[in-house]
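**Student:**
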Amino acid sequence: MPRVAIAGGSSASLGRAIVSSILLSPIKSHWEISILSRGDRKPLWLRALDPHGLRTRMEVVDYRDVSSIKAVLASSHTLISVTSVTDGSQVQVETNLLKAAVQAGCVRFAPSQWGFGPKGWENMHHFRSIGQPIWEECVRYKGEIECAKFNMGAFMNYIGLGAVTNPSASDLTELESIQRLQEGGGYIAGEDEVVQGLQRQGDLEDGSGAFLLGMRNAIATLPCRDDGQLPRVTFTTVKDVGRFVAASLDLVKWEENMTMVGETVNLGDLLRHAEEITGFDFKVEIRSREADEERLRQLPPNDVLGQLFTQFRLAFGRDAQDEGILEPVVNRLCPDIKPMGIREYMEGCWRAAKAT
-1 MPRVAIAGGS SASLGRAIVS SILLSPIKSH WEISILSRGD RKPLWLRALD
49 PHGLRTRMEV VDYRDVSSIK AVLASSHTLI SVTSVTDGSQ VQVETNLLKA
99 AVQAGCVRFA PSQWGFGPKG WENMHHFRSI GQPIWEECVR YKGEIECAKF
149 NMGAFMNYIG LGAVTNPSAS DLTELESIQR LQEGGGYIAG EDEVVQGLQR
199 QGDLEDGSGA FLLGMRNAIA TLPCRDDGQL PRVTFTTVKD VGRFVAASLD
249 LVKWEENMTM VGETVNLGDL LRHAEEITGF DFKVEIRSRE ADEERLRQLP
299 PNDVLGQLFT QFRLAFGRDA QDEGILEPVV NRLCPDIKPM GIREYMEGCW
349 RAAKAT
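Numbering (our numbering), first residue to last: -1 to 354.
Dropping the structure here:
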(Lines of atoms letter the chains of each structure in order from A and count residues from 1; the text may use other names and numbers.)
(Lines give C-alpha, C1' and ligand atoms only; values in the text may rest on other atoms or scores of the structure.)
Protein backbone atom coordinates (compact mmCIF):
# COMPACT_ATOMS: atom_id res chain seq x y z
CA MET A 1 0.00 0.00 0.00
CA PRO A 2 1.27 3.52 -0.73
CA ARG A 3 1.84 5.72 2.29
CA VAL A 4 1.02 9.37 2.79
CA ALA A 5 2.77 11.28 5.55
CA ILE A 6 0.95 14.21 7.11
CA ALA A 7 3.08 16.64 9.11
CA GLY A 8 0.91 18.11 11.86
CA GLY A 9 -1.70 15.46 11.10
CA SER A 10 -2.82 15.12 14.72
CA SER A 11 -4.30 18.63 14.68
CA ALA A 12 -8.02 19.02 15.31
CA SER A 13 -8.60 21.03 12.13
CA LEU A 14 -6.87 20.21 8.84
CA GLY A 15 -5.04 17.18 10.22
CA ARG A 16 -8.27 15.60 11.39
CA ALA A 17 -10.09 16.58 8.20
CA ILE A 18 -7.54 14.95 5.91
CA VAL A 19 -6.89 11.83 7.98
CA SER A 20 -10.57 11.15 8.65
CA SER A 21 -11.41 11.65 4.97
CA ILE A 22 -8.82 9.08 3.93
CA LEU A 23 -9.99 6.60 6.54
CA LEU A 24 -13.70 7.06 5.79
CA SER A 25 -13.57 7.46 2.01
CA PRO A 26 -16.63 5.76 0.42
CA ILE A 27 -14.24 4.42 -2.21
CA LYS A 28 -12.07 1.96 -0.33
CA SER A 29 -8.81 3.83 0.13
CA HIS A 30 -5.57 1.96 -0.20
CA TRP A 31 -3.47 4.64 1.48
CA GLU A 32 -1.74 4.08 4.78
CA ILE A 33 -1.03 7.15 6.89
CA SER A 34 1.97 8.34 8.86
CA ILE A 35 1.17 11.22 11.20
CA LEU A 36 4.25 13.31 11.93
CA SER A 37 4.10 15.01 15.30
CA ARG A 38 6.29 16.37 18.07
CA GLY A 39 4.67 13.89 20.49
CA ASP A 40 3.22 10.40 20.31
CA ARG A 41 -0.10 11.10 22.04
CA LYS A 42 -3.03 10.06 19.85
CA PRO A 43 -5.91 12.53 19.78
CA LEU A 44 -9.29 11.14 20.76
CA TRP A 45 -10.67 11.48 17.24
CA LEU A 46 -7.89 9.26 15.89
CA ARG A 47 -8.44 6.70 18.63
CA ALA A 48 -12.10 6.68 17.64
CA LEU A 49 -11.50 6.20 13.91
CA ASP A 50 -8.52 3.82 14.01
CA PRO A 51 -8.50 2.35 17.52
CA HIS A 52 -6.03 -0.45 16.73
CA GLY A 53 -3.70 1.59 14.51
CA LEU A 54 -4.36 -0.60 11.48
CA ARG A 55 -4.20 2.27 8.97
CA THR A 56 -2.32 4.99 10.84
CA ARG A 57 0.87 5.30 12.81
CA MET A 58 2.24 8.17 14.87
CA GLU A 59 5.80 9.23 14.07
CA VAL A 60 7.61 11.48 16.52
CA VAL A 61 9.93 13.90 14.72
CA ASP A 62 12.11 16.89 15.46
CA TYR A 63 11.11 19.44 12.81
CA ARG A 64 14.43 21.23 13.34
CA ASP A 65 16.36 18.16 12.18
CA VAL A 66 16.14 17.02 8.54
CA SER A 67 17.55 13.58 9.38
CA SER A 68 14.85 13.06 12.03
CA ILE A 69 12.15 13.73 9.44
CA LYS A 70 13.84 11.71 6.71
CA ALA A 71 14.00 8.66 8.96
CA VAL A 72 10.20 8.36 9.08
CA LEU A 73 9.60 9.13 5.38
CA ALA A 74 11.48 6.19 3.93
CA SER A 75 8.36 4.44 2.62
CA SER A 76 6.18 7.50 1.97
CA HIS A 77 4.96 8.42 -1.50
CA THR A 78 3.49 11.82 -0.56
CA LEU A 79 4.19 14.34 2.21
CA ILE A 80 1.49 16.87 3.10
CA SER A 81 2.18 19.56 5.69
CA VAL A 82 -0.51 21.19 7.82
CA THR A 83 1.95 22.48 10.41
CA SER A 84 1.30 25.86 12.01
CA VAL A 85 4.31 27.10 13.94
CA THR A 86 3.94 30.27 15.99
CA ASP A 87 7.53 30.77 17.16
CA GLY A 88 8.79 32.30 13.91
CA SER A 89 10.31 29.08 12.53
CA GLN A 90 7.57 28.15 10.02
CA VAL A 91 9.79 28.75 6.99
CA GLN A 92 12.57 26.59 8.45
CA VAL A 93 10.15 23.80 9.39
CA GLU A 94 8.67 23.68 5.89
CA THR A 95 12.10 23.82 4.26
CA ASN A 96 13.27 20.94 6.44
CA LEU A 97 10.20 18.91 5.50
CA LEU A 98 10.87 19.53 1.81
CA LYS A 99 14.54 18.57 2.05
CA ALA A 100 13.72 15.43 4.03
CA ALA A 101 11.07 14.44 1.47
CA VAL A 102 13.56 14.84 -1.38
CA GLN A 103 16.24 12.86 0.44
CA ALA A 104 13.75 10.10 1.33
CA GLY A 105 12.61 9.77 -2.27
CA CYS A 106 9.05 11.06 -1.83
CA VAL A 107 7.23 11.74 -5.08
CA ARG A 108 5.07 14.69 -3.95
CA PHE A 109 5.08 17.45 -1.36
CA ALA A 110 2.43 19.97 -0.37
CA PRO A 111 3.74 22.71 1.94
CA SER A 112 1.56 24.25 4.62
CA GLN A 113 0.20 27.14 2.57
CA TRP A 114 -3.52 26.62 3.02
CA GLY A 115 -5.54 29.71 2.20
CA PHE A 116 -6.10 32.20 -0.56
CA GLY A 117 -5.40 31.75 -4.25
CA PRO A 118 -1.99 32.36 -5.85
CA LYS A 119 -2.46 36.14 -6.01
CA GLY A 120 -3.39 36.16 -2.34
CA TRP A 121 0.05 34.82 -1.50
CA GLU A 122 1.57 37.64 -3.53
CA ASN A 123 -0.61 40.50 -2.27
CA MET A 124 -0.89 39.78 1.45
CA HIS A 125 2.22 40.59 3.47
CA HIS A 126 1.59 37.94 6.14
CA PHE A 127 1.36 35.16 3.57
CA ARG A 128 4.07 36.53 1.28
CA SER A 129 6.67 36.73 4.04
CA ILE A 130 6.17 33.05 4.90
CA GLY A 131 4.88 31.49 1.70
CA GLN A 132 7.26 33.04 -0.81
CA PRO A 133 10.54 31.67 0.60
CA ILE A 134 8.97 28.24 1.08
CA TRP A 135 7.72 28.11 -2.50
CA GLU A 136 11.09 29.36 -3.80
CA GLU A 137 12.62 26.31 -2.13
CA CYS A 138 10.01 24.09 -3.79
CA VAL A 139 10.92 25.56 -7.19
CA ARG A 140 14.60 24.87 -6.52
CA TYR A 141 13.82 21.16 -6.24
CA LYS A 142 11.65 21.01 -9.36
CA GLY A 143 12.53 17.84 -11.19
CA GLU A 144 13.31 16.01 -7.95
CA ILE A 145 9.87 16.23 -6.34
CA GLU A 146 6.43 17.38 -7.44
CA CYS A 147 5.15 20.27 -5.31
CA ALA A 148 1.68 21.79 -5.14
CA LYS A 149 -0.16 24.46 -3.16
CA PHE A 150 -3.63 23.59 -1.87
CA ASN A 151 -5.78 26.74 -1.86
CA MET A 152 -9.34 26.84 -0.56
CA GLY A 153 -10.22 30.51 0.05
CA ALA A 154 -11.76 31.36 3.41
CA PHE A 155 -12.77 28.66 5.86
CA MET A 156 -16.58 28.62 5.88
CA ASN A 157 -16.42 27.58 9.54
CA TYR A 158 -15.34 31.08 10.61
CA ILE A 159 -18.94 32.22 10.23
CA GLY A 160 -20.09 29.38 12.50
CA LEU A 161 -17.80 30.24 15.40
CA GLY A 162 -19.77 31.29 18.44
CA ALA A 163 -23.07 30.02 17.03
CA VAL A 164 -23.08 27.09 19.45
CA THR A 165 -22.47 28.43 22.95
CA ASN A 166 -21.78 25.23 24.87
CA PRO A 167 -18.69 23.17 23.98
CA SER A 168 -20.30 19.87 23.04
CA ALA A 169 -17.63 17.67 24.61
CA SER A 170 -17.14 19.51 27.89
CA ASP A 171 -19.29 17.21 30.03
CA LEU A 172 -18.40 13.92 28.34
CA THR A 173 -16.09 11.27 29.70
CA GLU A 174 -13.25 10.11 27.48
CA LEU A 175 -15.15 6.93 26.62
CA GLU A 176 -18.30 8.90 25.79
CA SER A 177 -16.29 11.29 23.62
CA ILE A 178 -14.77 8.42 21.66
CA GLN A 179 -18.20 6.91 21.13
CA ARG A 180 -19.61 10.23 19.88
CA LEU A 181 -16.58 10.70 17.63
CA GLN A 182 -17.12 7.26 16.13
CA GLU A 183 -20.77 8.08 15.51
CA GLY A 184 -19.89 11.41 13.88
CA GLY A 185 -17.04 10.22 11.68
CA GLY A 186 -14.42 11.95 13.83
CA TYR A 187 -16.60 14.89 14.96
CA ILE A 188 -18.94 15.31 17.92
CA ALA A 189 -22.38 16.64 17.05
CA GLY A 190 -22.81 20.27 18.06
CA GLU A 191 -20.01 22.78 18.36
CA ASP A 192 -17.28 20.38 17.25
CA GLU A 193 -19.15 19.50 14.06
CA VAL A 194 -19.82 23.19 13.34
CA VAL A 195 -16.34 24.57 14.07
CA GLN A 196 -14.33 21.56 12.80
CA GLY A 197 -11.25 22.46 14.81
CA LEU A 198 -10.95 26.18 14.09
CA GLN A 199 -10.00 28.41 17.00
CA ARG A 200 -11.99 31.47 18.06
CA GLN A 201 -9.68 33.96 16.37
CA GLY A 202 -11.97 36.17 14.28
CA ASP A 203 -12.18 39.87 15.07
CA LEU A 204 -15.92 40.56 15.28
CA GLU A 205 -16.64 43.08 18.03
CA ASP A 206 -18.99 40.69 19.86
CA GLY A 207 -15.96 38.60 20.88
CA SER A 208 -17.48 35.41 19.47
CA GLY A 209 -14.33 34.56 17.53
CA ALA A 210 -16.31 34.60 14.27
CA PHE A 211 -15.16 36.48 11.19
CA LEU A 212 -17.27 38.56 8.81
CA LEU A 213 -20.57 37.41 10.31
CA GLY A 214 -21.73 36.07 13.67
CA MET A 215 -25.02 34.19 13.58
CA ARG A 216 -25.95 34.03 17.26
CA ASN A 217 -25.42 37.71 17.97
CA ALA A 218 -26.69 38.89 14.57
CA ILE A 219 -23.64 40.98 13.76
CA ALA A 220 -21.57 41.46 10.62
CA THR A 221 -18.51 43.44 9.58
CA LEU A 222 -18.23 43.22 5.81
CA PRO A 223 -15.67 44.71 3.42
CA CYS A 224 -16.75 46.56 0.30
CA ARG A 225 -15.17 47.21 -3.04
CA ASP A 226 -13.99 50.69 -3.96
CA ASP A 227 -17.25 51.25 -5.84
CA GLY A 228 -19.22 50.57 -2.65
CA GLN A 229 -20.57 47.19 -3.76
CA LEU A 230 -20.10 44.06 -1.70
CA PRO A 231 -17.53 41.58 -3.09
CA ARG A 232 -17.62 37.86 -3.80
CA VAL A 233 -15.67 35.44 -1.59
CA THR A 234 -14.84 31.76 -1.98
CA PHE A 235 -15.63 29.66 1.11
CA THR A 236 -14.84 25.99 1.83
CA THR A 237 -15.45 24.00 5.02
CA VAL A 238 -12.50 22.40 6.79
CA LYS A 239 -14.05 18.95 6.28
CA ASP A 240 -14.44 19.49 2.55
CA VAL A 241 -10.80 20.55 2.29
CA GLY A 242 -9.97 17.17 3.82
CA ARG A 243 -12.22 15.36 1.37
CA PHE A 244 -10.69 17.11 -1.64
CA VAL A 245 -7.14 16.42 -0.45
CA ALA A 246 -7.93 12.76 0.23
CA ALA A 247 -9.41 12.37 -3.25
CA SER A 248 -6.41 14.10 -4.85
CA LEU A 249 -4.05 11.44 -3.51
CA ASP A 250 -5.18 9.09 -6.28
CA LEU A 251 -4.51 11.59 -9.07
CA VAL A 252 -1.59 10.66 -11.30
CA LYS A 253 -0.34 14.26 -11.37
CA TRP A 254 -0.97 17.36 -9.29
CA GLU A 255 -1.23 20.86 -10.69
CA GLU A 256 0.91 23.60 -9.17
CA ASN A 257 -2.18 25.24 -7.66
CA MET A 258 -4.56 22.59 -6.37
CA THR A 259 -7.36 25.07 -5.75
CA MET A 260 -10.69 23.91 -4.35
CA VAL A 261 -14.03 25.66 -3.91
CA GLY A 262 -16.93 25.02 -1.58
CA GLU A 263 -18.96 27.94 -2.91
CA THR A 264 -18.23 31.44 -4.13
CA VAL A 265 -20.86 33.82 -2.83
CA ASN A 266 -21.52 37.55 -2.83
CA LEU A 267 -21.36 38.87 0.74
CA GLY A 268 -24.75 40.48 0.26
CA ASP A 269 -26.20 37.02 -0.34
CA LEU A 270 -24.28 35.72 2.68
CA LEU A 271 -25.99 38.35 4.84
CA ARG A 272 -29.39 37.62 3.28
CA HIS A 273 -29.01 33.90 4.01
CA ALA A 274 -28.09 34.65 7.62
CA GLU A 275 -31.11 36.92 8.18
CA GLU A 276 -33.52 34.47 6.55
CA ILE A 277 -32.17 31.49 8.49
CA THR A 278 -32.04 33.17 11.91
CA GLY A 279 -35.00 35.56 11.55
CA PHE A 280 -32.77 38.37 12.90
CA ASP A 281 -32.08 41.81 11.48
CA PHE A 282 -28.31 41.99 11.60
CA LYS A 283 -26.29 44.91 12.87
CA VAL A 284 -24.02 45.48 9.87
CA GLU A 285 -20.87 47.54 9.53
CA ILE A 286 -19.60 48.03 6.00
CA ARG A 287 -15.83 48.51 6.16
CA SER A 288 -14.20 50.51 3.35
CA ARG A 289 -10.69 49.92 2.08
CA GLU A 290 -9.59 53.24 3.60
CA ALA A 291 -11.01 52.29 7.00
CA ASP A 292 -9.21 48.95 7.08
CA GLU A 293 -5.98 50.47 5.80
CA GLU A 294 -6.15 52.96 8.65
CA ARG A 295 -6.92 50.16 11.09
CA LEU A 296 -3.89 48.28 9.81
CA ARG A 297 -1.68 51.29 10.48
CA GLN A 298 -2.98 51.64 14.03
CA LEU A 299 -2.71 48.00 15.09
CA PRO A 300 0.37 47.25 17.20
CA PRO A 301 3.03 45.11 15.48
CA ASN A 302 2.47 42.24 17.93
CA ASP A 303 -1.27 42.00 17.13
CA VAL A 304 -0.68 39.36 14.46
CA LEU A 305 -4.27 38.12 14.37
CA GLY A 306 -5.70 41.63 14.17
CA GLN A 307 -3.43 42.39 11.24
CA LEU A 308 -4.22 39.08 9.58
CA PHE A 309 -8.01 39.44 9.63
CA THR A 310 -7.76 43.08 8.52
CA GLN A 311 -5.65 41.95 5.57
CA PHE A 312 -8.30 39.30 4.84
CA ARG A 313 -10.99 41.98 4.55
CA LEU A 314 -8.77 44.12 2.33
CA ALA A 315 -8.15 41.12 0.09
CA PHE A 316 -11.86 40.31 -0.10
CA GLY A 317 -12.60 43.94 -0.96
CA ARG A 318 -10.41 43.70 -4.05
CA ASP A 319 -12.89 41.13 -5.42
CA ALA A 320 -10.07 39.61 -7.45
CA GLN A 321 -9.86 36.30 -9.26
CA ASP A 322 -7.17 33.99 -7.82
CA GLU A 323 -7.12 36.00 -4.59
CA GLY A 324 -10.43 35.97 -2.70
CA ILE A 325 -12.21 34.30 -5.62
CA LEU A 326 -10.86 30.88 -6.59
CA GLU A 327 -11.10 28.57 -9.57
CA PRO A 328 -12.42 25.06 -8.79
CA VAL A 329 -9.37 23.10 -9.98
CA VAL A 330 -9.60 20.12 -7.60
CA ASN A 331 -13.39 20.14 -8.03
CA ARG A 332 -12.76 19.49 -11.72
CA LEU A 333 -10.10 16.86 -11.12
CA CYS A 334 -12.13 15.07 -8.44
CA PRO A 335 -15.76 15.45 -9.61
CA ASP A 336 -17.13 12.86 -7.17
CA ILE A 337 -16.54 15.26 -4.27
CA LYS A 338 -19.63 17.41 -3.75
CA PRO A 339 -18.75 20.16 -1.26
CA MET A 340 -21.15 21.81 1.15
CA GLY A 341 -22.62 25.14 0.08
CA ILE A 342 -22.80 28.22 2.27
CA ARG A 343 -26.54 28.10 2.96
CA GLU A 344 -26.49 24.41 3.86
CA TYR A 345 -23.62 25.06 6.25
CA MET A 346 -25.39 28.03 7.88
CA GLU A 347 -28.63 26.09 8.28
CA GLY A 348 -26.69 23.31 10.04
CA CYS A 349 -25.05 25.89 12.30
CA TRP A 350 -28.36 27.38 13.26
CA ARG A 351 -29.95 24.00 14.00
CA ALA A 352 -27.02 23.25 16.31
CA ALA A 353 -27.24 26.72 17.87
CA LYS A 354 -30.96 26.35 18.65
CA ALA A 355 -30.29 22.98 20.28
CA THR A 356 -28.05 24.61 22.93
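In this text, a Cβ means the ideal position worked out from N, Cα and C, and glycines have one as well.
Output needed for G183: all residues of its chain with C-beta closer than 8 Å, excluding positions within five of it in sequence on either side, in chain order.
**Tutor:** Position 185 of the sequence shown, counted from the first residue, corresponds to residue 183. S18, L22, L47.
**Student:** Closest to T93 by C-alpha separation, out of G103, S79, V105, would be which residue?
**Tutor:** Here residue 93 is taken as the residue at index 95 of the sequence shown, counted from 1. When each option's Cα is compared against that of T93, the closest is S79.
**Student:** By the DSSP assignment, the alpha helix (DSSP H) with I284 in it spans what residues?
**Tutor:** Position 286 of the sequence shown, counted from the first residue, corresponds to residue 284. Where I284 is concerned, there is no enclosing alpha helix (DSSP H), although the beta strand (DSSP E) it sits in stretches over 281 to 285.
**Student:** In whole angstroms, what separates the C-alpha of M338 from that of T234?
**Tutor:** Against the sequence shown, residue 338 aligns to sequence position 340. Against the sequence shown, residue 234 aligns to sequence position 236. Distance between the alpha carbons of M338 and T234 is about 8 Å.
**Student:** Can you give me the C-alpha to C-alpha distance between P298 and G304, rounded to a whole angstrom?
**Tutor:** Indexing the sequence shown from 1 puts residue 298 at position 300. Indexing the sequence shown from 1 puts residue 304 at position 306. If you take the alpha carbons of P298 and G304, they lie about 9 Å apart.
**Student:** To the nearest angstrom, how far is it from the Cα of A208 to the Cα of L159?
**Tutor:** Within the sequence shown, residue 208 is the residue found at index 210, counting from 1. Within the sequence shown, residue 159 is the residue found at index 161, counting from 1. Going from the Cα of A208 to the Cα of L159 covers about 5 Å.
**Student:** With respect to the alpha helix (DSSP H) encompassing F307, which residues constitute its N-terminal and C-terminal limits?
**Tutor:** Within the sequence shown, numbered from 1, the residue matching residue 307 stands at position 309. Its alpha helix (DSSP H) spans residues 302 to 315.
**Student:** Measure the beta-carbon distance from R285 to L220 and round it to whole angstroms, keeping in mind my assumption that it falls under 8 Å.
**Tutor:** Here residue 285 refers to the residue found at position 287 when the sequence shown is read from its first residue. Here residue 220 refers to the residue found at position 222 when the sequence shown is read from its first residue. Right, the Cβ-Cβ distance comes to about 7 Å (below 8 Å), so this counts as a contact.
**Student:** In chain order, which continuous runs of the alpha helix (DSSP H) of length 4 or greater are located wholly inside the region 79 to 127?
**Tutor:** The region 79 to 127 contains these whole alpha helix (DSSP H) runs: 88 to 102, 116 to 121.
**Student:** Going by the DSSP bridge assignment, what does Q319 pair with across the sheet?
**Tutor:** Taking the sequence shown and counting its residues from 1, one reaches residue 319 at position 321. Q319 is bridged to I323.
**Student:** Quick one: Cα of R341 to Cα of L268, how far?
**Tutor:** To locate residue 341, count along the sequence shown from 1; it is residue 343. To locate residue 268, count along the sequence shown from 1; it is residue 270. Whole-angstrom Cα-Cα distance: 8 Å.
**Student:** Candidates V263, A69, V250, L179: which alpha carbon is nearest F153's?
**Tutor:** Counting from 1 along the sequence shown, the entry for residue 153 is found at position 155. Nearest C-alpha to F153: V263.
**Student:** Going by alpha carbons, who is nearest to Q180 out of I16, I323, A146, L44?
**Tutor:** Here the question's residue 180 lines up with position 182 in the sequence shown. With distances taken between Cα atoms, Q180 lies closest to L44.
**Student:** CB-CB under 8 Å to G118, same chain, minus the five flanking residues each way: which ones, in chain order?
**Tutor:** Your numbering for residue 118 matches position 120 in the sequence shown. Excluding sequence neighbours, G118 sits near F125, N149, A313, D320, E321, G322.
**Student:** Taking one C-beta from the region 101 to 120 and one from the region 190 to 210 each time, how about it: are there three or more such pairs within less than 8 Å?
**Tutor:** Segments in contact, no.
**Student:** Within this structure, are the beta carbons of A365 and L77 separated by less than 8 Å?
**Tutor:** Here the chain covers residues -1 to 354 and nothing more, so residue 365 does not appear.
**Student:** Could you spell out the range, first to last residue, of the alpha helix (DSSP H) harbouring M344?
**Tutor:** Here residue 344 refers to the residue found at position 346 when the sequence shown is read from its first residue. Where M344 is concerned, the enclosing alpha helix (DSSP H) stretches over 340 to 352.
**Student:** Contact between the region 53 to 61 and the region 24 to 42: three or more CB pairs below 8 Å?
**Tutor:** Touching, yes, given that three or more Cβ pairs across the two stretches are closer than 8 Å.
**Student:** What's the call for A353, buried or exposed, on a 16-neighbour Cβ count within 10 Å?
**Tutor:** The count along the sequence shown starts at 1 and reaches residue 353 at position 355. Exposed.
**Student:** Does the beta-carbon distance from G315 to R223 come in below 8 Å?
**Tutor:** To locate residue 315, count along the sequence shown from 1; it is residue 317. To locate residue 223, count along the sequence shown from 1; it is residue 225. Contact: yes.
**Student:** Report the CB separation of F280 from A216 in whole angstroms; it is logged as a contact under 8 Å.
**Tutor:** Stepping through the sequence shown from its first residue, residue 280 is reached at position 282. Stepping through the sequence shown from its first residue, residue 216 is reached at position 218. Confirmed, Cβ separation roughly 5 Å.
**Student:** In the DSSP assignment, what are the bridge partners of C145?
**Tutor:** Numbered from 1 along the sequence shown, position 147 holds the residue referred to as residue 145. DSSP, once it has assigned bridges, lists F107 as partnering C145.
**Student:** Rounded to whole angstroms, how far is the Cβ of V231 from the Cβ of E189, which I believe are closer than 8 Å?
**Tutor:** Taking the first residue of the sequence shown as 1, we reach residue 231 at position 233. Taking the first residue of the sequence shown as 1, we reach residue 189 at position 191. No, V231 and E189 are not in contact; Cβ-Cβ is about 24 Å, not under 8 Å.
**Student:** Output needed for A5: all residues of its chain with C-beta closer than 6 Å, excluding positions within five of it in sequence on either side, in chain order.
**Tutor:** Position 7 of the sequence shown, counting from 1, holds the residue named residue 5. Correct list, in chain order: L34, S79, T81, L95.
**Student:** Would you tell me roughly how many angstroms separate the C-alpha atoms of S9 and E254, rounded to the nearest one?
**Tutor:** For the purposes of this step, residue 9 is taken as residue 11 along the sequence shown, with counting starting at 1. For the purposes of this step, residue 254 is taken as residue 256 along the sequence shown, with counting starting at 1. C-alpha separation (whole angstroms): 25 Å.
**Student:** Do the CB positions of W1 and S74 come within less than 8 Å of each other?
**Tutor:** Numbered from its first residue, the sequence shown carries residue 1 at position 3. Numbered from its first residue, the sequence shown carries residue 74 at position 76. The question names Trp, but residue 1 is Arg in the sequence shown. Contact flag set, yes.
**Student:** So for N215, helix, strand or coil by DSSP?
**Tutor:** Counting from 1 along the sequence shown, the entry for residue 215 is found at position 217. Three-state result, N215: coil.
**Student:** Helix, strand or coil for V58 per DSSP?
**Tutor:** The residue you call residue 58 lines up with position 60 of the sequence shown. Residue state, collapsed to three classes: strand.
**Student:** Between the Cα of Q101 and the Cα atoms of G13, Q130, S65, which residue gives the shortest distance?
**Tutor:** Within the sequence shown, numbered from 1, the residue matching residue 101 stands at position 103. Comparing Cα-Cα distances from Q101 to each of G13, Q130, S65, the minimum goes to S65.
**Student:** In whole angstroms, what separates the C-alpha of P49 from that of K40?
**Tutor:** Taking the sequence shown and counting its residues from 1, the one referred to as residue 49 is at position 51. Taking the sequence shown and counting its residues from 1, the one referred to as residue 40 is at position 42. Distance between the alpha carbons of P49 and K40: 10 Å.
**Student:** Using C-beta distances below 8 Å, list every residue in its chain close to I335, excluding the 5 sequence neighbours before and after it, in chain order.
**Tutor:** Counting from 1 along the sequence shown, the entry for residue 335 is found at position 337. Once the five neighbours on either side are set aside, the close Cβ partners of I335 are D238, R241, F242, A245, V328, N329.
**Student:** Give the range of the alpha helix (DSSP H) segment to which V70 is assigned.
**Tutor:** Locating residue 70 in the sequence shown gives position 72, where the first residue counts as 1. Unbroken run through V70: none, as it is neither H nor E.
**Student:** What first and last residue would you give for the alpha helix (DSSP H) that runs through I4?
**Tutor:** Residue numbering aside, residue 4 sits at position 6 when the sequence shown is read from its first letter. Where I4 is concerned, there is no enclosing alpha helix (DSSP H), although the beta strand (DSSP E) it sits in stretches over 1 to 5.
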